[in-house]
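Input: a single structure, listed below in structure tokens.
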Amino acid sequence: MDKSKTKKTESFASIFGDDYSASPPDKKEGAIELKLEQLVPFQNHPFKLYEGERFNEMIESIKNYGVIVPIVVRKKGLKYEILSGHNRANAAKEAGLETIPTVIKEGLTEEEAILIVTETNLMQRSFTDLVHSERATVIATRHNAMKNQGVRTDLLNEIERLSKASSGLISTSRPMGEKLKSDENLAKEFGVSPRNVSRYLRIYKLKDPLKQLVDEGKIAMRAGVDLSYLSAENQEMIEAIVSEDTFKVDMKKASIIRNYEEEGKLNWKTAKSIITGEALRDPNKQKLVKIQPKIISKYFSPSQEIKTIEKIIEKALEMYFQKQQESINLCEEEEGDEIGG
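When we follow this note's numbering, the leftmost residue of the sequence shown carries the number 25, and every step to the right adds one.
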């Protein structure tokens with residue numbers, strides 16, 4: 025094998041330097057100052073950014089102490105794409121800084137880049153605090169790493185070590201070597217069932233607008249699983265219909281939609297009739313009739329039991345329809361006499 029063609033594997037520590045030491049170093053080894061205007065966020069960044077009190081606290085901290093932990097970026101055209109440090113970069117701008125300490129990484133694959141984005145975000149928050157789309161990203165990214173353990177497994181192990189050493193952060197993760205064994209261990213790590221691991225892997229395949237609707241509760245999570253099998257075009261159509269009148273999609277509707285696509289019958293008209301519930305209505309279903317309280321009080325006393333009232337109403341209806349039938353029969357007899365005469 026030509027060693028010159030072998031990709032050099034760097035440890036995650038070399039990416040982050042001493043970011044997670046208990047006491048900040050005076051010198052940020054390997055970091056350079058980049059202008060904030062040169063930075064762009066990670067494309068389709070899958071995690072919600074800080075806001076409110078938490079974000080304001082970060083701004084105040086940066087005003088007082090500066091940005092201690094360098095952000096991590098990679099070159100993206102004429103700009104630098106942030107892999108780790110979106111909140112720090114945003115807070116630095118609000119704090120009035122023009123530059124920020126940065127570690128630039130080169131030669132990362134897309135899988136390695138999203139791995140850095142995902143794992144560093146997971147260090148800062150509990151898995152249970154994440155919305156469905158964020159959980160799906162975490163599980164799918166880790167699942168991909170499990171399938172290809174030869175790709176930067178040293179990064180995974182170093183992330184685990186650094187997350188435990190991180191000041192003020194408590195890692196709930198198991199050793200990375202264990203978690204790479206099977207989906208069952210992945211499920212145990214995040215406190216979900218193996219079946220839910222499979223569901224989150226399907227949610228990850230949804231188009232971003234539909235993921236947003238799952239997060240908002242307009243599409244049930246298990247309904248999202250069925251919708252993930254739709255073509256990209258039909259997913260966009262479903263999102264447009266749901267957003268049009270803020271309809272909701274439950275498991276039953278999603279299952280029918282999926283079946284319609286498989287049968288080649290899914291279009292705007294059929295999809296909307298399913299989502300609005302029109303296609304689910306039984307034309308033969310008896311409508312529920314309610315008797316107004318003022319009618320009940322007109323003919324019955326408050327002391328009468330409901331069963332007694334029901335029997336009286338039933339008897340009255342029998343007498344009514346019996347008289348109706350007698351009237352019809354009488355009319356038919358009179359018409360017959362006229363014809364015969």
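For every residue, glycine included, the Cβ atom is placed at its ideal position computed from N, Cα and C.
Query, Result
"Buried/exposed call for ASN111, threshold 16 Cβ in 10 Å", "buried"
"Residues that PRO125 bridges to, as DSSP identifies them", "GLU57"
"Given 8 Å, three or more beta-carbon pairs between the region 123-143 and the region 94-102", "yes"
"At least three beta-carbon pairs within less than 8 Å, the region 156-172 to the region 139-148", "yes"
"Touching by the beta-carbon criterion (3+ pairs, under 8 Å), the region 100-110 and the region 57-73", "yes"
"Cα-Cα separation, TYR344 to GLU350", "10 Å"
"Helix, strand or coil at LYS322 according to DSSP, with G and I counted as helix", "helix"
"Those residues which DSSP pairs with VAL64 across a bridge", "GLU105"
"Environment of LEU186 [buried if 16+ CB atoms lie within 10 Å]", "Residue placement at LEU186 cannot be trusted, given a pLDDT of 42 that sits under 50; the coordinates are not used to answer."
"Residues near GLY201 by beta carbon distance below 6 Å, same chain, minus five either side", "Unreliable positioning characterises GLY201 in this predicted model, as indicated by a pLDDT of 43, which lies under 50. The coordinate reading is nonetheless provided below. Here the set comprises nothing."
"ARG198 classed as buried or exposed, judged by whether at least 16 other C-beta atoms fall within 10 angstroms", "Any reading at ARG198 needs caution, since the residue's pLDDT is 39, under 50, leaving its predicted position unreliable; the model's value is listed next. ARG198 comes out exposed."
"For ARG219 and LYS212, the rounded distance between their alpha carbons", "12 Å"
"Whether LYS86 touches LEU121 by CB criterion (8 Å)", "Note on identity: in this sequence residue 86 is Ile, with Lys being the wrong assignment. Result yes, Cβ atoms of ILE86 and LEU121 sit closer than 8 Å."
"ARG149, DSSP secondary structure in three states", "coil"
"For ILE352, three-class secondary structure by DSSP", "helix"
"ILE280, buried or exposed, once every other Cβ within 10 Å from all chains shown has been counted against 16", "buried"
"Which listed residue (ILE298, THR332, GLN346, GLU286) has its alpha carbon closest to that of ILE262", "ILE298"
"Extent of the continuous alpha helix (DSSP H) run through VAL216", "Taken as a continuous stretch (DSSP letters only), VAL216 belongs to no alpha helix (DSSP H), as it is neither H nor E."
"Host alpha helix (DSSP H) of VAL96 (start-end)", "Careful: VAL96 lies outside any alpha helix (DSSP H), inside the beta strand (DSSP E) at 95-100."
"Buried/exposed call for GLU135, threshold 16 Cβ in 10 Å", "exposed"
"Rounded straight-line distance, which links the Cα of GLU338 to that of LEU354", "24 Å"
"Beta-carbon separation (whole angstroms), PRO70 vs VAL91, contact threshold 8 Å", "Not confirmed; about 23 Å, so no contact."
"Endpoints, alpha helix (DSSP H) assigned at SER297", "292-299"
"Bridge-paired residues (DSSP) for ILE243", "VAL273"
"Contact under 8 Å by Cβ, LEU58 with THR123", "yes"
"Proximity below 8 Å, CB of LYS231 to CB of ALA256", "yes"
"Option in GLU75, ALA115, SER150, SER157 with minimal Cα separation from ASN88", "ALA115"
"Straight-line gap, GLY288 to ARG149 (C-alpha atoms, nearest Å)", "43 Å"
"Span of the alpha helix (DSSP H), counted from its first residue to its last, around GLY76", "76-89"
"ILE315 - DSSP class collapsed to helix/strand/coil", "coil"
"Span of the alpha helix (DSSP H), counted from its first residue to its last, around ALA264", "256-268"
"Outcome for ASP269 when other beta-carbon atoms lying within 10 angstroms are tallied against a minimum of 16", "exposed"
"Close beta carbons around ARG159, own chain, < 6 Å, minus the five adjacent residues each side", "TYR224"
"VAL366 - DSSP class collapsed to helix/strand/coil", "Nothing about residue 366 can be read from this structure; the chain reaches only from 25 to 365."
"Straight-line gap, HIS156 to VAL216 (C-alpha atoms, nearest Å)", "12 Å"
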